[in-house]
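Student: The structure that follows is given in the form of structure tokens.
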DNA sequence: ACCACTAATGTACACGCGTACATTTTCGCA
DNA sequence: TGCGAAAATGTACGCGTGTACATTAGTGGT
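Residue numbers (the numbering used here), protein chains in the order written: chain U, 14 to 365; chain X, 14 to 365.
Written as structure tokens, this is what we have:
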């Protein structure tokens, strides 16, 4: 007798109304007599009725899903878990508030980008891309989205010359502040350990670094520019060379483009007899959790990752604040502020 | 003319076949003449047809989603991101391989547990719960799932007396190994900083600790048992008292139930003039990334979180290996092995 | 050439909801 | 009391697939 799950029809019968009325009551649509509403709700309650999300989505032509795409290589931790988990949290909490579910999709680097298909399959109503890198295939895939007018948003990565919706932080200012801070501590031979230029982040960091030096009459010294890949290991690998230069007094401070590289560097420097914070100032970027717990504590630049994730969702779902558009280029230019967090690794440093 | 997305009907018309044939070709169902298949595929290709996942899900009565539930408090990082991101990776990669999408759901602690509703709404076909804690409401919600025969799986948490499907690691052995290792280093006053007993993990850790002591003729000293909440801060907070006991020579080693507490403790001990690895041996648990980068490097117990996530998915989706059932209790008892990772924080230690 | 059987394809409908439109009820007001 | 308008409810159908069943085409054996 008791066959399968309860459906709208049974609720309608029990309440003595039509299916449409049940639907209207449950969706709060149209005028309903109070007594009818109560009868329907009671019937639904009594039968423990739960509408089928599948049927709803189909009827509404909306999945109710917010896609989140994360680049991923199993067991290889190129990215900071801090970085992603903060952004993801911001996305998740905000999406939930807006009544959306979060569809998480890992994307391996060699996998073909076909974001458009995701939308056309109606798996997601909107999509956020994390950790994208500049490249022709990526640009193509994103251009397609733009052209087909699918709602998407990049986080913390800009594609120069494209009008992709993006949530960014002001890394030029952040890097400027970090560099200026080091200069303020008396340093004038500031090495820069940057990440790959496929990330707009890297270009921005360099820009801020360069400007801060220029504003203080210091010229960029190509010999003390280094490149890693944002991994801890790459910081560690850069250590020997940087340690040598510190000993030769060709470097008196290091600005690392993220904390992970800074931490690898910190460890590596120490193994080469350099005491960070004493023999050379050190500052990282991201203000990850670990920065507070190293010895010496690591100066850094705090980036509102959580808020960036939340902002990306609001931009896509909520229709609160319209984007800030650059009148010249027509591009969206809002950037969340970052904040310098000076700690022991760059304070009380006396250059030789 | 070009109205909305391409549908099956148009593909059928272009290929000169019925809609059913298109469906059969695309799903690889039933016998199809090779020439027909080619015509259909070409038509689909030419029209750039993509089936509606919404309609497919509705027709199949399957969402194709694997739910993942994570306890969450915005901006409060009670849990290790390492822990979750590892498990999540294992889940994501395996689910993808099985053709499932991952529906990530944050659950705030005060939120009412209603996992059953999730299934009855057909939002997910199966579900994995992470970070659950023992408690009556949780048990009730899970019992409901069991009774309604929804496929779900817990990871790294056991509910004593319940037959919930679970993927666990052998933390009794791991803790035994950690404690025995400390004893092997010559320690016999081993403090234990455990987590809350709402986690079966904590009980298992204590069990292993206790057994290792017993097997070596050492009795448990209640005075050197401490409780934190697995956060770094709680380790830090326990530091003063533990530092005092070390100075009094009432403690010569500390086993912390996870790395985060061990790291907080490490920092705190040092601030109280105790040098971990010299004045007292220290070992953590989880073998998180940071363990390799502390000074001294932190001994720990490696837990295959990634594999646990993958195993949970296989258990739910793949039908490869049947569960290992305890013939007595009827409960599932498979536990993945863990591995002791001795490092400087507990090696070459000479007790006084 | 005929039959029996299988392969290949078509026809028809269910799935459970949202909602446009039709219909009935209610209600204010003359 | 009657009447028009608004409120409340019902009827009917579309959404795009998967698939059971009906139908037709093909094949091999006699």
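Glycine included, C-beta positions come from ideal geometry on N, C-alpha and C.
Looking only at DSSP bridge pairs, what is residue 192 of chain U linked to?
Tutor: In the first chain, counting from the first residue as 1, residue 192 of chain U sits at position 179. Answer by DSSP bridge pairing: none, since residue 192 of chain U is not bridged.
Student: Going by alpha carbons, who is nearest to residue 93 of chain U out of U:74, U:323, U:272?
Tutor: One-based indexing of the first chain puts residue 93 of chain U at position 80. Among U:74, U:323, U:272, the Cα nearest to that of residue 93 of chain U belongs to U:272.
Student: Can you tell which of X:309, X:166, X:218 has its C-alpha closest to the C-alpha of residue 190 of chain X?
Tutor: Within the second chain, residue 190 of chain X is the residue found at index 177, counting from 1. Of the candidates X:309, X:166, X:218, the residue whose Cα lies closest to the Cα of residue 190 of chain X is X:218.
Student: Would you please verify whether the beta carbon of residue 32 of chain U is less than 9 Å from any beta carbon of chain X?
Tutor: Looking up residue 32 of chain U in the first chain gives position 19. With 9 Å as the cut-off, residue 32 of chain U does not count as an interface residue toward chain X.
Student: Between which two residues does the alpha helix (DSSP H) carrying residue 102 of chain U extend?
Tutor: The residue labelled residue 102 of chain U in the question sits at position 89 within the first chain. 94-110 is the extent of the alpha helix (DSSP H) around residue 102 of chain U.
Student: Can you give the Cα-Cα distance for residue 353 of chain X and residue 244 of chain X, rounded to whole angstroms?
Tutor: Counting from one through the second chain, the residue named residue 353 of chain X turns up at place 340. Counting from one through the second chain, the residue named residue 244 of chain X turns up at place 231. Approximately 21 Å, taken between the alpha carbons.
Student: Could you tell me which uninterrupted alpha helix (DSSP H) segments, each at least 4 residues in length, are contained entirely in the region 111-182 of chain U, listed from first to last along the chain?
Tutor: The qualifying runs are 128-133, 149-160.
Student: By DSSP, does residue 369 of chain U sit in helix, in strand, or in coil?
Tutor: Residue 369 of chain U lies beyond the range of chain U shown here (14 to 365); nothing can be said about it.
Student: From the DSSP output, in three-state form, read off residue 267 of chain U for me.
Tutor: Mapped onto the first chain, residue 267 of chain U falls at position 254. Residue state, collapsed to three classes: strand.
Student: Is there a C-beta anywhere in chain U that falls below 9 Å from the one on residue 105 of chain X?
Tutor: Here the question's residue 105 of chain X lines up with position 92 in the second chain. Answer yes: the Cβ-Cβ gap between residue 105 of chain X and chain U drops below 9 Å somewhere.
Student: Shortest alpha-carbon distance to residue 385 of chain X belongs to which of X:210, X:38, X:237, X:359?
Tutor: As shown, chain X starts at 14 and ends at 365. That puts residue 385 of chain X outside it, with no answer to give.
Student: Taking Cβ to Cβ, would you say residue 188 of chain X is nearer than 9 Å to residue 228 of chain X?
Tutor: Against the second chain, residue 188 of chain X aligns to sequence position 175. Against the second chain, residue 228 of chain X aligns to sequence position 215. It is not a contact, given that the beta carbons lie outside the stated cut-off.
Student: Whose C-beta lies closer than 8 Å to the C-beta of residue 99 of chain U among residues of the same chain, with five residues either side of it excluded?
Tutor: Residue 99 of chain U sits at position 86 when you count from the first residue of the first chain. The answer, listed in chain order, is 318, 319, 322.
Student: Is the region 115-132 of chain U in contact with the region 57-72 of chain U, if contact means three or more CB pairs nearer than 8 Å?
Tutor: no
Student: Out of curiosity, what's the CA-to-CA distance linking residue 180 of chain U and residue 202 of chain X?
Tutor: In the first chain, residue 180 of chain U corresponds to position 167, counting from 1. In the second chain, residue 202 of chain X corresponds to position 189, counting from 1. C-alpha separation (whole angstroms): 54 Å.
Student: Closest by CA to residue 78 of chain U, which one among U:268, U:160, U:135?
Tutor: Reading the first chain from its first residue, position 65 is the one you call residue 78 of chain U. Among U:268, U:160, U:135, the Cα nearest to that of residue 78 of chain U is on U:135.
Student: Since residue 94 of chain U meets chain X, which of its residues come closer than 7 Å, beta carbon to beta carbon?
Tutor: The count along the first chain starts at 1 and reaches residue 94 of chain U at position 81. Result: 94, 95, 98.
Student: According to the neighbour-count rule (16 or more other Cβ atoms, all chains shown, within 10 Å of its Cβ), is residue 291 of chain U buried or exposed?
Tutor: Position 278 of the first chain, counted from the first residue, corresponds to residue 291 of chain U. When all chains shown are included, residue 291 of chain U counts as exposed.
Student: Is the CB-CB distance between residue 250 of chain X and residue 281 of chain X below 9 Å?
Tutor: Residue numbering aside, residue 250 of chain X sits at position 237 when the second chain is read from its first letter. Residue numbering aside, residue 281 of chain X sits at position 268 when the second chain is read from its first letter. Yes, Cβ-Cβ distance for residue 250 of chain X and residue 281 of chain X is below 9 Å.
Student: Bridge partners of residue 313 of chain X, per DSSP?
Tutor: Here residue 313 of chain X refers to the residue found at position 300 of the second chain. Residue 313 of chain X is bridged to X:354.
Student: Secondary structure at residue 259 of chain X, three-state DSSP: helix, strand or coil?
Tutor: Within the second chain, the letter at position 246 stands for residue 259 of chain X. Residue 259 of chain X: helix per DSSP, three-state reduction.
Student: With DSSP collapsed to three states, give me the class of residue 61 of chain X.
Tutor: Residue numbering aside, residue 61 of chain X sits at position 48 when the second chain is read from its first letter. Here residue 61 of chain X sits in coil by DSSP.
Student: Taking the alpha carbon of residue 196 of chain U as the reference point, which residue from U:226, U:178, U:177, U:183 has its own alpha carbon closest?
Tutor: The count along the first chain starts at 1 and reaches residue 196 of chain U at position 183. Checked all of U:226, U:178, U:177, U:183; the closest Cα to residue 196 of chain U is U:226.
Student: Go through its chain and collect everything with a Cβ distance to residue 66 of chain U's Cβ below 8 Å, but skip five positions before and after it.
Tutor: Here residue 66 of chain U refers to the residue found at position 53 when the first chain is read from its first residue. Correct list, in chain order: 77.
Student: Taking only beta-carbon atoms, is residue 119 of chain U less than 9 Å away from chain X?
Tutor: Taking the first residue of the first chain as position 1, residue 119 of chain U is located at position 106. Yes, because at least one Cβ of chain X sits closer than 9 Å to the Cβ of residue 119 of chain U.
Student: So residue 143 of chain X and residue 168 of chain X are in contact, right, with Cβ under 8 Å, and what is the actual spacing, rounded?
Tutor: Here residue 143 of chain X refers to the residue found at position 130 when the second chain is read from its first residue. Here residue 168 of chain X refers to the residue found at position 155 when the second chain is read from its first residue. Yes, residue 143 of chain X and residue 168 of chain X are in contact; Cβ-Cβ is about 5 Å, under 8 Å.
Student: Can you give me, in chain order, the residues of the region 130-146 of chain U that have a beta carbon less than 8 Å from any beta carbon in chain X?
Tutor: 130, 133, 134, 135, 136
Student: With a threshold of 16 other CB atoms inside 10 Å of the CB of residue 276 of chain U, please say whether the residue is buried or exposed.
Tutor: Position 263 of the first chain, counted from the first residue, corresponds to residue 276 of chain U. Buried, since its Cβ has 16 or more Cβ neighbours within 10 Å.
Student: Classify residue 328 of chain X: buried if its beta carbon has 16 or more other beta carbons within 10 angstroms, exposed otherwise.
Tutor: Within the second chain, residue 328 of chain X is the residue found at index 315, counting from 1. With 16 or more Cβ atoms within 10 Å of its Cβ, residue 328 of chain X is classed as buried.
Student: Could you name the residues of chain U that residue 68 of chain X contacts, counting a contact when the two beta carbons are closer than 8 Å?
Tutor: One-based indexing of the second chain puts residue 68 of chain X at position 55. Under the 8 Å cutoff, chain U gives 71.
Student: Going along the chain, which residues of its own chain have a beta-carbon closer than 6 Å to the beta-carbon of residue 117 of chain U, five neighbours each way excluded?
Tutor: In the first chain, residue 117 of chain U corresponds to position 104, counting from 1. Once the five neighbours on either side are set aside, the close Cβ partners of residue 117 of chain U are 81.
Student: State the Cα-Cα distance for the pair residue 51 of chain U and residue 127 of chain X, rounded to the nearest angstrom.
Tutor: On the first chain, position 38 is the one that residue 51 of chain U refers to. On the second chain, position 114 is the one that residue 127 of chain X refers to. Each residue's Cα considered, the two are about 23 Å apart.
Student: Taking 9 Å as the CB-CB limit, is residue 283 of chain U close to chain X?
Tutor: Locating residue 283 of chain U in the first chain gives position 270, where the first residue counts as 1. Answer yes: the Cβ-Cβ gap between residue 283 of chain U and chain X drops below 9 Å somewhere.
Student: Nearest by alpha-carbon distance to residue 115 of chain U: which of U:130, U:96, U:138 is it?
Tutor: Position 102 of the first chain, counted from the start, is the residue given in the question as residue 115 of chain U. The residue with the shortest Cα to Cα distance from residue 115 of chain U is U:138.
Student: Could you give the distance in angstroms between the alpha-carbon of residue 140 of chain X and the alpha-carbon of residue 263 of chain U?
Tutor: Here residue 140 of chain X refers to the residue found at position 127 when the second chain is read from its first residue. Here residue 263 of chain U refers to the residue found at position 250 when the first chain is read from its first residue. One alpha carbon belongs to residue 140 of chain X, the other to residue 263 of chain U, and they sit about 57 Å apart.
Student: Could you tell me which chain X residues have their CB closer than 9 Å to the CB of residue 65 of chain U, listed as they occur along the chain?
Tutor: Here the question's residue 65 of chain U lines up with position 52 in the first chain. 71, 74, 133, 134, 135, listed in chain order.
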